[in-house]
Amino acid sequence: MDLAPAPGPPSEPRGRPVRPATTLAAVYHAAGDLRLEQIALPRLEAGDMLVRIRACGLCPGEIMDWYMSRKAPVPLGHEPVGEVVEAADGAAFRAGERVVVHHHAPCLACRSCRRGDYVHCATWGPRRLIPGGLAEYAVVRAPASAEAMRVPDELSDDAATFVEPLACVLKSLRRARLRGGDRVLVVGAGVMGLLHLLAARATGRPSQLLAADRVAARLALAAPLADATIDVSRDPIDEATAALTSGAGADVVIVCPGSVEALEAGCHATARGGTLVMFAPTPPNVRWPLGVHEVFFREITLVPSYSAGPVDMREALQLLAGGLAVEPLITHRLSLGDVQRGYALLRTGVDALKVIVRPSA
């Protein structure tokens, strides 16, 4: 497998930048088959923008092979911050501005959008970031270009890559109906779990914030963010949560791993009248034998939370610009040529939290 970068775009003559015809990009073909390829950049249409990618985060969802394989071959990267190189007529930004873009965009006019269910809009589905965020350059198609957001000068590129994942977390907390005084348990202290801890503390004012994981290194990172941690390699989550909440359980339980084992454990740890948030999917053939009797009489609300919409993206940028301390979660900063190593680090589930790739470095 050859991951050596190909020659970059042509040099720029004085006074007039040369628009690149292709870009180097990371493309997922199959499990264990990740390639760097030169991909043609489409011509700009009305409202579109060409951006030079400055940094892009690696998403844990991109190592779910059952999810990625059904879309393969697919360019990777949807947590980018970029600099506008060229803007077509009608674009919301101009050359030189730094922006965060989402790879999806809703129409804002259909019934789903009017209800705030942006991810179920028919316009939202098609990719609007071409080829993807793990590339030297990308075209941002309308309407995503209109939903892009200018990055404040004081916000670093690295911190700005957290806008999309933090937006997913904020949507999760909103769907959980998190209220002041709630007891919150986050199951899974990977980067998304840690973001839940940070965001819950910043926006929800919980009376108690708990974190559970089986990896000692992750529990150590969660400890300063939570009121208490639970090592599930030693203690059952429900028993430990009950002991920490005077027997009541957690009002909101957010399950970050996409496994029936984690969902079942989280359900047992949920308080009467509480909410269980399913933050990650399971493979399509997996079934959860839900204890309906228990769920009914304890009145547990089951809430899935998938991706994020423009309202969540704007709130996430505001929170980051306000100083939410996400950069300590970054464990690795790599070049585009090292992207395969970055995903390998995520797969180990131990040493890596947030991996940032700088395609244009």
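Residue numbers (our numbering): 0 to 360. Heads up, the beta-carbon is just placed ideally off N, CA and C, and yes, glycines get one too. A quick note: this is a predicted structure, and the numbers were derived from the prediction, not measured.
Buried versus exposed call for L164 [16 or more other C-beta atoms within 10 Å across all chains shown]
The residue you asked about is not Leu; residue 164 is Pro in the sequence shown. The residue is buried, with at least 16 neighbouring Cβ atoms inside 10 Å.
DSSP bridge partner residues for K353 (one or two, in chain order):
I329
Spatial neighbours of R340 within its chain, please: C-beta separation below 6 angstroms, excluding the five flanking residues on both sides.
none
Using a Cβ-Cβ cutoff of less than 6 angstroms, which residues in the same chain neighbour V231 once the five nearest sequence positions on both sides are dropped?
A211 and R213
DSSP-derived helix/strand/coil call for T347
Helix at T347.
Jot down the residue ranges of each uninterrupted alpha helix (DSSP H) in the segment 251-287, minimum 4 residues, whole runs only, in chain order.
With a minimum length of 4 residues, the continuous alpha helix (DSSP H) runs that stay inside the segment 251-287 are 259-268.
Buried versus exposed, by CB contacts within 10 Å (16 or more), V185
buried
Whole-Å CB distance - I52 paired with S359, under 8 angstroms assumed:
6 angstroms
Assuming L224 contacts R200 (C-beta within less than 8 angstroms), just tell me the rounded distance between them.
7 angstroms
DSSP three-state label for C106, please.
C106 falls in the coil class under three-state DSSP.
Whole angstroms is fine: what's the gap from L33's alpha carbon to S68's?
11 angstroms
What are the partner residues of C366, as DSSP defines its beta bridges?
Nothing in the structure corresponds to residue 366, since the chain is present only between 0 and 360.
In terms of residues, what are the limits of the beta strand (DSSP E) holding P309?
Careful: P309 lies outside any beta strand (DSSP E), inside the alpha helix (DSSP H) at P309 to A320.
Between which two residues does the alpha helix (DSSP H) containing L165 stretch?
V162 to R174
Here's the rule I'm using: 16 or more other beta-carbon atoms within 10 Å means buried, otherwise exposed. How should V98 be labelled?
buried
Start-to-end residues for the alpha helix (DSSP H) that takes in A145:
A143 to E146
On the three-state DSSP scale, how would you describe V50?
strand
Please classify P283 as buried or exposed, where buried requires at least 16 neighbouring CB atoms within 10 angstroms.
exposed
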